[in-house]
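What follows is one structure encoded as structure tokens, with my remarks underneath.
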Amino acid sequence: MRLVYTSDNRFLVGNARNILEAHGFDVVMRNEHAVSAVGELPAFEAWPQLWVLEDADYNAACAALAGALSDKGAPPWRCSGCGEDNDAAFDFCWNCRTDRPPGTA
Ligand SMILES: [Zn+2]
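All residue numbers for the sequence shown refer to the numbering used here, where the first residue is 1149 and numbers rise by one.
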């Protein structure tokens, strides 16, 4: 069993679980209900955690998660400086570091 995702935001961890389950991975959440005290910042160890049951699935699960979390429905944007396509997660061009043009969320 290996840890594939953790966040202090339980919603994000739950979302990651849904993504991996949709891809057919066997996953389990830990600390799902650990953060109950309002206004109390949890220690890292107390964050909700998403684990994949099969070690052999770890790399594929990470790839599936990265792919799903990076698109978020937003298309890549094309750099006005060099014409390269950039993932929506980037705020500047990976190739020439030109800022993302406004309006290309
Ligand atoms: Zn560029």
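The C-beta atom is built at its ideal place from N, Cα and C for all residues, glycine as well.
Terminal residues of the alpha helix (DSSP H) in which residue i lies
i: arginine 1248; result: First-last for arginine 1248: undefined, no H or E at that position.
Three-state class that DSSP yields for residue i in the structure shown
i: phenylalanine 1238; result: coil
i: leucine 1143; result: The question about residue 1143 has no answer here: the residues shown for the chain are numbered 1149 through 1253.
i: leucine 1198; result: strand
Residues that DSSP places opposite residue i in a beta bridge
i: arginine 1226; result: Asp1233
i: arginine 1165; result: DSSP output for arginine 1165 lists no bridge partner at all.
Terminal residues of the beta strand (DSSP E) in which residue i lies
i: methionine 1149; result: Methionine 1149 -> no beta strand (DSSP E), and no H or E assigned at all.
Can at least three beta-carbon pairs, one atom from the segment 1206–1218 and one from the segment 1161–1173, be found at a separation below 8 Å?
yes
Stretch-stretch touch, CB-based, cutoff 8 Å, three pairs: the segment 1222–1235 with the segment 1153–1165:
no
Measuring from each Cβ to the nearest heavy atom of ligand 1, keep the ones under 6 Å and list them in chain order.
Cys1227, Gly1229, Cys1230, Glu1232, Cys1241, Asn1243, Cys1244, Thr1246
State whether the segment 1201–1208 contacts the segment 1238–1245, with contact taken as three or more CB pairs (one from each stretch) at a distance under 8 Å.
In this structure the segment 1201–1208 does not lie against the segment 1238–1245, because fewer than three pairs of beta carbons, one per stretch, are closer than 8 Å.
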